[in-house]
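See structure below.
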Amino acid sequence: MFTSIQVTHEPRPVAKRVPLHGRLHAFRRRIVAWCVRRLLPRPPNVVGAGQLPRAGIHRILLCRPNHRLGNTVLTTPLMAELERQFPGAEVDVLGSGAACRGIYAGFASLGQLFLLERRALAHPLSTLATLRKLRAKRYDLVIHAAAGSSSGRIAAAMARARFQLHADAAGMPPSAHFAARPVQALRWALGADPSLPPPPPDLRLTAAERETARHTLRQVLQGDAGEERTPVLVVFPNATGSKCLDAAWWRIFLDELLRHVGPRRVVELVPADGRSRLDHAFPTYFTSDPRRLAAFIEAAGTYVSADCGVMHLAAATGATTIGLFGATDPRRYAPYGGRNAGFACGDGDATATAFQVARHLLAGGGTDS
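If you count by the working numbering, then the sequence shown holds residues 9 to 377, one letter each, in order.
This is the structure:
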């Protein structure tokens, strides 16, 4: 079993009520998934335990058409595992969203990138054109990397391949963490030990990207009163829906955290709408480029936020990444590897959460910039 995640096990509070639009969206997804399962029976080329050969796998298609940044980042462990198991292969990716190109740019094995629109069914002509291009190629292996993705299942079924692998393959040992499942499935199909920890998420930043980010960080901190040797803490006080922690919570959390860990130069990452969530109490940084953002976080050294796509991006760098989990399960989504950790904060007690995070950082979980 995959056991390398550091998570504090606080008693979980009663779940927050999900808004009506969220419940309708979840219901729609279940209906679509049910229809897809009925209309697309198990293909005959789906491999079982130990049935995938190690030789002759040269052309691979990874299907993960999801526009969310975090879900895309969480496929990088699978990309790394594919390079390890099939070092001479080329991997095409069916994805979605503008961030895909940046996320996969560091992988030498990347071949063609097929991109679907965010709502593929609302753009039928574009979707059909992309699927037609995909259908024109032949693969040795197609991987449906996310169990709950109906679009991924459809695309995997349409692709022409000798072998097909599903992340939710029946009989595969279960994994708690979302990023580990397709890696475990691949090892299971190869007859390898699926219980070993998966590779960590990794954007494979270049030396030039890192150097540019260090220069940018120095510029952002020019107006900060802290000494240059004072460690830097980057925070992203934003997330979607019920995962978001309000500004008052963040002020209490940061006051308490800095009281415990000592002086830190804090930088706030600004979300896509360009608005500071902390009233510009700290220097701010904004970029729409995921690789520049990742390099900036790595240059800072320590990152804290609620569960969100930027958290997963941070975990794919060398920075210590702390994830705060209220509405979601840290066992499935906590940043893992290195000094990363996830902390439950669903009880709303910012002071207690700050103490837990401070204890982790002071025990060696933090890094100096």
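The beta-carbon is built from N, C-alpha and C at its ideal position, and this holds for glycine as well.
Span of the beta strand (DSSP E) around S104: Counting along the chain, the beta strand (DSSP E) containing S104 begins and ends at 98-104.
Answer with buried or exposed for P202, where buried requires no fewer than 16 other C-beta atoms within 10 angstroms of its C-beta. So P202 counts as buried.
Excluding the 5 residues preceding and the 5 following A177 in the sequence, name in chain order all residues of the same chain whose CB lies nearer than 6 Å to its CB. A193
So which of V101, R340, A144 has the shortest CA-CA distance to P73? V101
Counting only runs that start and end within the region 275-340, where is the beta strand (DSSP E) found for 3 or more residues in a row? 309-314, 328-333
Grab the span of the alpha helix (DSSP H) containing H268 for me, first residue to last. 255-269
Report the three-state DSSP secondary structure of F171 (helix, strand or coil). Strand at F171.
Mind listing, in chain order, the continuous beta strand (DSSP E) runs of no fewer than 3 residues lying wholly within the region 193-264? 240-244
Same chain, Cβ closer than 8 Å to L204, neighbours up to 5 away in sequence not counted: R195
Only counting runs of 4 or more residues, tell me where the alpha helix (DSSP H) segments fall wholly within the region 109-180, in order along the chain. 132-143, 158-166
Counting only C-beta atoms, is R347 closer than 7 Å to chain C at any point? Looking for chain C here will not work: only one protein chain is present.
Determine the burial state of E236: buried for a count of at least 16 other Cβ atoms within 10 Å of its Cβ, exposed for fewer. exposed
Taking the continuous alpha helix (DSSP H) assigned at A358, which residues delimit it? 358-368
Could you pull the start and end residues of the beta strand (DSSP E) that G354 belongs to? Element bounds for G354: n/a, residue is neither H nor E.
Which partner residues does V54 have in the DSSP bridge list? Bridge partners of V54: Q172.
Would you mind stating whether V5 and A169 have Cβ atoms separated by less than 7 Å? Residue 5 cannot be examined here, being either before or after the span of the chain that is shown, 9 to 377.
What first and last residue would you give for the beta strand (DSSP E) that runs through L70? 67-71
Considering T378, what are the terminal residues of the alpha helix (DSSP H) in which it resides? In the structure displayed, the chain extends from 9 to 377; residue 378 sits before or after that span and is not available.
Could you tell me which of Y112, M166, P61 sits nearest to L211, measuring between CA atoms? Y112
What does a CB cutoff of less than 7 Å around N53 pick up in its chain, not counting 5 residues either side in sequence? A169, R170, F171, Q172
Under 7 Å, do H185 and R76 count as touching if we go by C-beta distance? no
Where R189 sits in the DSSP three-state scheme: helix
Find out if the Cβ-Cβ distance for the pair G345, P208 is shorter than 7 Å. yes
Do H368 and A352 have their C-beta atoms closer together than 7 Å? no
Alpha carbon to alpha carbon, how far is S104 from G309? 29 Å
Would R267 pass as a contact of V240 if the rule is Cβ separation under 7 Å? no
Can you give me the Cβ contacts of A255 inside the same chain, cut-off strictly under 8 Å, excluding the 5 residues immediately before and after it? Around A255: P245, R285, L286, D287.
Return yes when at least one heavy atom of the ligand SAH lies under 6 Å from the C-beta of D176, else no. This structure does not include the ligand SAH; it has no bound ligands of any sort.
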